[in-house]
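As structure tokens, the structure follows; a few thoughts come after it.
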Amino acid sequence: VSGERKAKAERMFALMDGFQKNDPMSLQKDILNHVEYTVARSRFSFDDFEAYQGLSHSVRDRLIERWHDTQLHFKREDPKRVYFLSLEYLMGRSLSNSVINLGIRDEYAEALNELGFELEVLAEQEGDAALGNGGLARLSACQLDSLATLDYPAWGYGLRYQYGLFRQLILDGFQHEQPDYWLNFGNPWEIERVHVTYPVKFYGTVEEELVDGRKSRVWIPAETVEAVAYDNPIPGYGTRNTITLRLWAAKPSDHYDMESYNTGDYINAVVDRQKAETISSVLYPDDRSHQGKELRLKQQYFFVSASTQDIIRRFKDAHDNFDEFPQKVALQLNDTHPSLAIAEIMRVLIDEENLDWDRAWGIVCKIFSFTTHTVLAEGLEKIPVDLLGSLLPRHLEIIYDINFKFMEDLKKKVGLDYSRLSRMSIVEDGAVKSIRSANLSIVCSHTVNGVSKVHFELLKTKVFKDFYELWPEKFQYKTNGVTQRRWIVVSNPSLCDLITKWLGTEAWIRNVDLLTGLREYATDAVLQQEWKMVRRVNKMRLAEYIEVLSGLKVSLDAMFDVQIKRIHEYKRQLLNILGIIHRYDCIKNMNESDRRKVVPRVCIIGGKAAPGYEIAKKIIKLCHVVADKINNNSDIGDLLKLVFIPDYNVSVAELVIPGADLSQHLSTAGHEASGTGSMKFLMNGCLLLATADGSTVEIIEEIGSENLFLFGAKLDEVPTLRERGPNMKVNLQFARVVRMIRDGYFGFQDYFESLCDTVEADKDFYLLGSDFGSYLEAQAAADKAFVDQDKWTEMSILSAAGSGRFSSDRTIQEYAEKTWGIEACRCPF
Ligand code: BZD
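To convert, count from 1 in the sequence shown and add 171; that's full-length UniProt numbering.
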């Protein structure tokens, strides 16, 4: 039978292959057909954007073919699947990534050339899919790429926001937020699944009813919204496997408020119906604070409910006994944002599938794993009980029940230690009674993961200390990683070719550990020469971008020094700017002969501030006024320039990272759970200037402390420093630059007052003052190293060569083996 099945499958795959041909001629035909029939433009007259549309539709066809094959294969094999639940994904652009992962980049480039277009130019037409805030969201995107590439049977689930992360507009140095209505001109990378829809219910009451002679709690919801699936195929590299990122959009339900139609208030009823769509309309732009807003809670439940219905439906297609559920399903909670999934699965198993509590609980405890991305206990998500009780009354009951049983068990273990019991309780009694999402997630997950070694230590000793003592076996960490496909192959094609040439193989694109092979050539004069060339061309691209943005011409001989990430006090962009002011001040007071020794710098800063985060917005403004002062001072010339890159996003990162000589990662030790930006720079041969925080500690293990510029207080010194205040010697230099701002040297004296206050000796929570001296020393060391370009290039090669551990392929393999218990399921042919 299996032979017959195989033959059938082979015939089918052969037919498919006959359907999509990848030679340049067929590709041209396809592109033109799409221009004519999909985009509805004449094939004799279309512009770059229309060419991009035609092109991406032809790529989409090829994605769909592999995606169908993969889904069919998964269905047949019925392996254990992992479902990755995340409220945020920062996918960026898809075109280049897709043609590379499909292995038909060169064919497309040739086809387009013959049509008079350039692939790179058309790729620029695409806007970013920015359905996320920062590190957590980009990590999800990298992990999907690795899941597909490593052939894991995986699904990503999320929300299809109509408005992604706001666009940052800078007017007179101030940040303004503009809506990102990214779906305006259609999105060729998604497939609307009109038949994959689920009702999601809200509000109402819980009543006790007799069901089959048993007393049961029954939720009678008051509102229904429809969730419609949009599938985004995610192709793996070097494999046919193409997995699904399924994003849900909210649509009015057909059952919605029929009453109003009957009573004749037709117009209001239609307007009301439309309100359902607001659930998936906008991404919350705060990457730290949790405000307990109803809409946010609705988003979370909407996404969780639709996803779990889909997962359970898929399970039930092939199984009828829920005890098998844990053998087939792993649910990964990306931070606490999807933690309502726990209560939802309990509810479905008990209320809809009629399992008793213990059986349902036994299942739930085997399927969930939870990864936290936070370092501060204060940063943990809380849901006000009142809000949850009104929106999801039955879920609140279930969470109370889980907590009651947990507390009873805990009492048996720790006795009546009330302070401990209250710290560990899922329910927080306080001014606002709330549900602690992290406690819920820990209690109900079999594994809790941190994202770096340092983070893991903090989880064990601070953030989740009580839980670690109770269940040490639950806690693990998986060092974050990024995908080398996006961060080298797509964004730095010349470095990619160079690496392949020197390693003599492309295999590193799937097995990044092979990069260590570059170590033996780190001092090879020929490689060094070629490496420098590649880096210079990338700097040229970046310099052109800067000129177009700001009109500023920068020297390619200068050190390009970059800090790009969300603006946060703990990330200390302010430390960077104060350092720049100090450098400016020194240069101004130098004589001619000293000036000749200065290493010229182009300082580049970019990032968004959460709209309500005043201090972060002031840091952006400060950057602009300092830049105005420095860049317009003819006396300084090329020795120092400062540029703020507006609207930082994934595609900007793809341009900036390959062109950076030095990148800065300045978080106060103990504040960055991991940090993944540094990994992208490292892979691209950019040197790091960093504190011993998050992933940097592990980067040092790989490349050695001699190959980066380390500074600042160590994790264990931070608490003492906070108590003692900064030491006086450092204070002098630091006080001088802060004083310049306070005195109005850069203008906006009143406006910057509160910003300066945050770093006054007695308030300097993030320790800018005490780290300043050591920061300047690290900067001086970087200058010194840059003078010897051969040595610098050696360090650069060693950085890239040591970046293998920071591939998301490694992270995902560890998750698969140690947390999810899933195996690869490779689509044949
Ligand atoms: O997650 C980040 C951490 O700050 C980084 O250190 C880490 O590298 C990455 C990936 O693990 N956290 C976030 O990006 N968090 C958010 O974006 C976020 C969004 C909404 C609500 C809360 C946090």
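For each residue, glycine too, the CB sits at the ideal point set by N, CA and C.
Report back the beta-carbon spacing between residue i and residue j to the nearest angstrom; my notes put them in contact at under 8 angstroms.
i, j, result
"Leu562", "Lys469", "7 angstroms"
"Val619", "Phe646", "5 angstroms"
"Gly335", "Leu302", "5 angstroms"
"Met704", "Pro771", "Contact doesn't hold; Cβ gap of about 20 angstroms is too wide."
"Ile570", "Ile606", "6 angstroms"
"Leu511", "Val535", "Rounded, the Cβ-Cβ distance is 13 angstroms, inconsistent with contact."
"Ser317", "Ile816", "Between Ile816 and Ser317 the Cβ distance is about 28 angstroms, and since that is not below 8 angstroms, they are no contact."
"Leu926", "Ile735", "Leu926 to Ile735, Cβ: 20 angstroms. No contact."
"Ser822", "Asp864", "No, Ser822 and Asp864 are not in contact; Cβ-Cβ is about 27 angstroms, not under 8 angstroms."
Report yes if the CB atom of residue i is closer than 8 angstroms to the CB atom of residue j, and no otherwise.
i, j, result
"Ala280", "Leu290", "yes"
"Arg459", "Gly550", "yes"
"Leu689", "Leu666", "no"
"Asp322", "Asn403", "no"
"Val889", "Leu749", "no"
"Val253", "Ile738", "no"
"Leu858", "Ser970", "yes"
"Arg656", "Ile271", "yes"
"Val396", "Ile482", "no"
"Leu723", "Gly830", "no"
"Asp201", "Asp232", "yes"
"Arg565", "Trp390", "yes"
"Ala514", "Ile538", "no"
"Leu342", "Gly327", "no"
Please determine, among the options, the residue with the shortest C-alpha to C-alpha distance to residue i.
i, options, result
"Leu881", "Val930, Arg737, Ala844 and Asp942", "Asp942"
"Leu234", "Ile405, Asn358, Gly327 and Leu903", "Ile405"
"Arg309", "Gly841, Arg264, Ser269 and Asp921", "Arg264"
"Ser478", "Gln503, Tyr455 and Pro497", "Gln503"
"Ala393", "Leu381, Ser424, Ser387 and Cys313", "Ser424"
"Ile775", "Pro999, Asn802 and Asn760", "Asn802"
"Leu454", "Val622, Val206 and His508", "His508"
"Ile554", "Glu568, Lys583 and Val598", "Val598"
"Ile968", "Glu677, Gly856, Leu336 and Met578", "Gly856"
"Tyr755", "Arg712, Leu813 and Lys788", "Leu813"
"Trp353", "Val382, Ser317, Glu379 and Leu261", "Leu261"
"Thr320", "Ala952, Ala787 and Trp679", "Trp679"
"Leu685", "Ser974, Glu175 and Ala987", "Ser974"
"Ser608", "Asp506, Ser721, Ile483 and Gln296", "Asp506"
"Phe337", "Leu947, Asp457 and Ser721", "Asp457"
"residue 136", "Ile871, Asp832 and Ser540", "Because the chain is modelled from 172 through 1000, residue 136 falls outside the range shown and cannot be assessed."
"Leu559", "His617, Gly601 and Gly463", "Gly463"
"Glu628", "His617, Asn610 and Lys649", "Lys649"
"Val733", "Ser267, Gln744 and Ser726", "Gln744"
"Tyr208", "Ala953, Met196 and Glu221", "Glu221"
"Tyr332", "Ser257, Ser387, Gly344 and Lys386", "Ser257"
"Ala884", "Gln920, Phe919, Gly940 and Ala420", "Gly940"
Ends of the alpha helix (DSSP H) at residue i?
i, result
"Met704", "Ala696 to Ser721"
"Arg444", "Tyr437 to Gln445"
"Val556", "Val556 to Leu562"
"Val614", "Ser608 to Cys615"
"Cys475", "Checking the displayed sequence, the identity of residue 475 turns out to be Val instead of Cys. Here the alpha helix (DSSP H) through Val475 covers Glu465 to Ala489."
"Phe852", "Gly848 to Met854"
"Thr209", "Here Thr209 belongs to no alpha helix (DSSP H), and DSSP marks it neither H nor E."
Could you give the residue range of the beta strand (DSSP E) that holds residue i?
i, result
"Gly865", "First-last for Gly865: undefined, no H or E at that position."
"His347", "Phe345 to Gln349"
"Val322", "According to the sequence as given, residue 322 is Asp; it is not Val. That residue, Asp322, is in no beta strand (DSSP E); it is neither H nor E in DSSP."
"Met730", "Met730 to Ile735"
"Asn620", "Thr618 to Gly621"
"Phe539", "Phe539 to Thr542"
"Thr650", "Run containing Thr650: none; DSSP gives neither H nor E here."
"Trp658", "Per DSSP, Trp658 belongs to no beta strand (DSSP E) and is neither H nor E."
"Ser387", "Arg385 to Ile391"
"Leu342", "Arg338 to Leu342"
"Asp402", "Glu394 to Pro406"
"Trp419", "Thr413 to Pro423"
"Pro497", "Premise fails: Pro497 lies in the alpha helix (DSSP H), Phe496 to Lys499, not in any beta strand (DSSP E)."
"Arg364", "Ile362 to Phe373"
Quiz item: Can you list, in chain order, the stretches of the beta strand (DSSP E) that have 3 or more residues and sit fully within the region 874–940?
Solution: Secondary structure remark: continuous beta strand (DSSP E) runs of at least 3 residues inside the region 874–940, in chain order: 880–882.
Quiz item: In the region 236–320, which residue ranges form an unbroken beta strand (DSSP E) of at least 3 residues, counting only runs that do not cross its ends?
Solution: Here the runs fully enclosed are 252–256, 260–263 and 300–302.
Quiz item: Can you list the beta strand (DSSP E) stretches of 3 or more residues lying completely in the region 775–833, in chain order?
Solution: Every beta strand (DSSP E) stretch that sits fully inside the region 775–833 and reaches 3 residues is listed by chain position as 811–816.
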